[in-house]
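Residue numbers (this note's numbering): 1 to 189. Structure record follows, encoded as structure tokens.
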Amino acid sequence: MLDVARQQFAASGYRAVTMRKIAEQACVSTRTLYNWYADKLALFEACLSAGSAHSDVPKINDSLALEQALRAYAAALMQYLARDTSLGLGLVVYREGAEFPEIAAAAHANQNTWLVEPLAAYLTHHGLEREGATDNTKLFIAMALSEFQRRLAFGCPLQTAFEIDEHVGRVTSLFLTGAATSAYGKDYL
1 MLDVARQQFA ASGYRAVTMR KIAEQACVST RTLYNWYADK LALFEACLSA
51 GSAHSDVPKI NDSLALEQAL RAYAAALMQY LARDTSLGLG LVVYREGAEF
101 PEIAAAAHAN QNTWLVEPLA AYLTHHGLER EGATDNTKLF IAMALSEFQR
151 RLAFGCPLQT AFEIDEHVGR VTSLFLTGAA TSAYGKDYL
């Protein structure tokens, strides 16, 4: 059901998708769908969580050196977000989030759970984020995704693997240099 729902939301948008349409496509009764998900928002939230809980969501590799771990994480994040359903759901939130603030809130909560909090814990461990804060974490994510988002906004082709590697190299270097000299960074070298 979730795979069908993710595909439907990504292809048609939040407004256009109905519980009945998803039930038909998933070959289940509408009643069965409502037994699992109270309403369309609960189903949308489940779609976000199911995608994020998937094993290929970017994770920090603690066995790598700090710079290599951040580079690998940023590259994996861009590749993950460029997947059809991830990209489609992200565009749904972008296009329809103002009209349906509940989906924007769900996407924000999902991002905090699966991306921001784990990365903040990692950066805190390395002295690059204050305990309990996420400012530097959000800055790193924003820097990493800047070219990806620019290309989406202007309808340009997404980055190639080589372009991603170059971009995350620059971003990671700038971030680590700035974080090391900030008020709550420490010398990581």
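Virtual Cβ for every residue (Gly too), placed ideally from N, Cα, C.
When you compare only the Cα positions, how much space is there between residue i and residue j?
i	j	result
N35	T18	15 Å
Y94	T177	32 Å
A5	A82	18 Å
A16	D62	42 Å
C220	R31	What the structure shows of the chain is the stretch from 1 to 189, and residue 220 is not part of that stretch, so it cannot be assessed.
T191	G13	This structure does not reach residue 191, given that the chain is present from 1 up to 189, and the question cannot be answered.
E131	E96	34 Å
L197	A23	Given that the chain is displayed from residue 1 to residue 189, the structure contains no residue 197 and the question cannot be resolved.
E99	S173	38 Å
M143	D84	22 Å
A11	V57	21 Å
A133	G169	24 Å
I60	L139	16 Å
T37	L43	Reading the sequence as shown, one finds Tyr at residue 37 and not Thr. Going by the C-alpha atoms only, they are around 6 Å apart.
E163	V171	12 Å
Per DSSP, what kind of secondary structure is residue i in: helix, strand or coil?
i	result
V28	coil
S146	helix
M19	helix
Y73	helix
L158	coil
N35	helix
M62	Note that residue 62 is Asp in the sequence shown here, rather than Met. D62 falls in the coil class under three-state DSSP.
L128	coil
Y94	helix
F9	helix
Y188	Low confidence applies here, because Y188 scores a pLDDT of 43, under 50, leaving its location unreliable and the question unanswered by this model.
E117	helix
R151	helix
V4	helix
T172	helix
A99	According to the sequence shown, residue 99 is Glu rather than Ala. Three-state result, E99: coil.
T177	helix
Of all the options the options, which has the alpha carbon lying nearest to the alpha carbon of residue i?
i	options	result
A26	C47, M1, E45	M1
I141	C47, L66, L70, E45	L70
Q159	A23, A65, F148, R20	F148
D165	Q79, I60, L41, A11	Q79
Q111	L77, G127, E67	L77
L41	V28, T137, P101	P101
L145	V28, L66, G90	G90
V175	A121, V116, L66	Checking the sequence, you will find Phe at residue 175 rather than Val. It is L66.
R151	L119, V92, L87	L87
V116	G127, T137, H167	T137
Would you please verify whether the beta carbon of residue i is less than 7 Å from any beta carbon of chain C?
i	result
M78	Going by chain labels, chain C is absent from the structure shown, which holds only one protein chain.
For this session: Pair every Cβ in the segment 96 to 106 with every Cβ in the segment 33 to 48, then say whether three or more of these pairs are closer than 8 Å.
Result: yes
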